[in-house]
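Under the working numbering, the sequence shown has -6 at position 2, and the numbering climbs by one with no breaks.
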Amino acid sequence: MLELKALSKTYKTGDRALTDISFSVPAGQVVGLIGPSGAGKSSLIRCINRLVEPSSGRIYLGETELTKLSGRALRQARRRIGMIFQEYALVERLTVMENVLSGRLGYVSGWRSFLRRYPQTDIDQAFGLLERVGLGDHYNKRADELSGGQRQRVGIARALEQNPELLLADEPTASLDPKTSRQIMRLIQGVCREMNLPAIINIHDVVLAQNFADRIIGLRAGQVVFDGPPSALSHKALTCIYGAEDWDLVQQSSESQNDEFLFSNAKVLELT
Ligand SMILES: Nc1ncnc2c1ncn2[C@@H]1O[C@H](COP(=O)(O)OP(=O)(O)OP(=O)(O)O)[C@@H](O)[C@H]1O
-7 MLELKALSKT YKTGDRALTD ISFSVPAGQV VGLIGPSGAG KSSLIRCINR
43 LVEPSSGRIY LGETELTKLS GRALRQARRR IGMIFQEYAL VERLTVMENV
93 LSGRLGYVSG WRSFLRRYPQ TDIDQAFGLL ERVGLGDHYN KRADELSGGQ
143 RQRVGIARAL EQNPELLLAD EPTASLDPKT SRQIMRLIQG VCREMNLPAI
193 INIHDVVLAQ NFADRIIGLR AGQVVFDGPP SALSHKALTC IYGAEDWDLV
243 QQSSESQNDE FLFSNAKVLE LT
């Protein structure tokens, strides 16, 4: 369970990115975080893992107040948060297995991490996760031999190898084609359900968010202007989040990708 209480962020430049954000995400719930460019989505994700320092407010992961932590305690708490990145953030010259095992680096002792030697239980878990993300046969390939979709699967397996209590994803499908994007979102949704993991996914594609999130949070100018199930994301709500002009663009670009959808009732056709 993740809980944000009155979280605000103003950068040193004076840019106010987040204002008084409060919500909680229970175990197993996948939240699609949407909003126009500059709305504060990345700032919110980064405040949660403290890559960006919140200006005020509190963040709890389970019983732990993340906003209180520093140094070693903060590093330990970060291990409990799995991150999935737009550009995958893999070590290209390492194998798929080594990349997944790097999710354990925060847990193994100094000499083991220097030599990249991992306990057998970590290796067994990594094999299991690679099977789960559909890459069981690819464990010995170098990361730079994989397609974008396969790389993101490695990114997901690496995040899960941490045994996280929370998943944060920063535009995980932005570099992928529409079909692969749906596969990746389906995978993230599936593993969160299986592992009872809460997740927040910063995502530009509204249709994908509607299809694969349990709940949508819409940000506009650093404030939550929508919080509800995908079915409640009406045209009016979307206009409130994006503004009419931007919303038209979103709809057009989705249509041009031949995604069949009906927004009126938030009824979205499942695509393969
Ligand atoms: N490092 C920074 N220093 C100063 N201002 C920043 C910084 N990062 C973000 N901002 C500002 O904070 C606000 C929110 O930006 P943020 O990147 O969080 O939005 P976003 O919704 O993730 O946008 P996008 O979808 O384009 O990535 C913007 O006004 C932005 O200019």
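Backbone N, C-alpha and C fix where the C-beta goes; we use that ideal spot for every residue, glycine too.
- Could you tell me the boundaries of the beta strand (DSSP E) in which V22 lies? The residue labelled residue 22 in the question sits at position 30 within the sequence shown. Looking at the DSSP string, the run of the beta strand (DSSP E) that includes V22 is 22 to 26.
- Item | Reference A191, options L25, D197, E55, E90, closest by Cα | Mapped onto the sequence shown, residue 191 falls at position 199. Looking at the Cα atoms, L25 is the closest of the given residues.
- Would you list the residues sitting across from V17 in a DSSP beta bridge? What you label residue 17 is simply residue 25 of the sequence shown in a count that begins at 1. DSSP lists L(-6) as partners of V17.
- Item | Close-in-space but distant-in-sequence residues of the same chain around A151 (CB under 7 Å, 5 per side omitted) | Counted from its first residue, the sequence shown places residue 151 at position 159. So the list reads G74, M75, I76, G95, L159, once near-sequence residues are dropped.
- Query: Can you tell me where the alpha helix (DSSP H) with N203 in it begins and where it stops?
  - Reply: Here residue 203 refers to the residue found at position 211 when the sequence shown is read from its first residue. Looking at the DSSP string, the run of the alpha helix (DSSP H) that includes N203 is 198 to 204.
- Does the distance from the CB of S14 to the CB of A31 come in under 8 Å? Along the sequence shown, one-based indexing puts residue 14 at 22. Along the sequence shown, one-based indexing puts residue 31 at 39. No. Outside cutoff.
- Query: Under three-state DSSP, which class holds E57?
  - Reply: The residue you call residue 57 lines up with position 65 of the sequence shown. Strand at E57.
- Message: If I follow the unbroken beta strand (DSSP E) through A161, where does it start and stop?
- Response: One-based indexing of the sequence shown puts residue 161 at position 169. Here the beta strand (DSSP E) through A161 covers 158 to 162.
- Query: Secondary structure at Y52, three-state DSSP: helix, strand or coil?
  - Reply: If you number the sequence shown from 1, residue 52 lands on position 60. Y52 falls in the strand class under three-state DSSP.
- Task: May I ask which residues mark the beginning and end of the beta strand (DSSP E) holding A191?
- Result: Against the sequence shown, residue 191 aligns to sequence position 199. From DSSP, the beta strand (DSSP E) with A191 extends over 191 to 194.
- Whole angstroms is fine: what's the gap from G157's alpha carbon to M(-7)'s? On the sequence shown, position 165 is the one that residue 157 refers to. On the sequence shown, position 1 is the one that residue -7 refers to. Per the sequence shown, the amino acid found at residue 157 is Glu instead of Gly. E157 and M(-7): Cα-Cα distance of roughly 8 Å.
- Message: For A205, would you say it is in contact with chain D, using Cβ-to-Cβ distances shorter than 8 Å as the test?
- Response: Absent from the structure: chain D. Only one protein chain is present.
- Message: What does DSSP give as the partner residue(s) for R134 in the beta ladder?
- Response: In the sequence shown, counting from the first residue as 1, residue 134 sits at position 142. Answer by DSSP bridge pairing, in chain order: T87.
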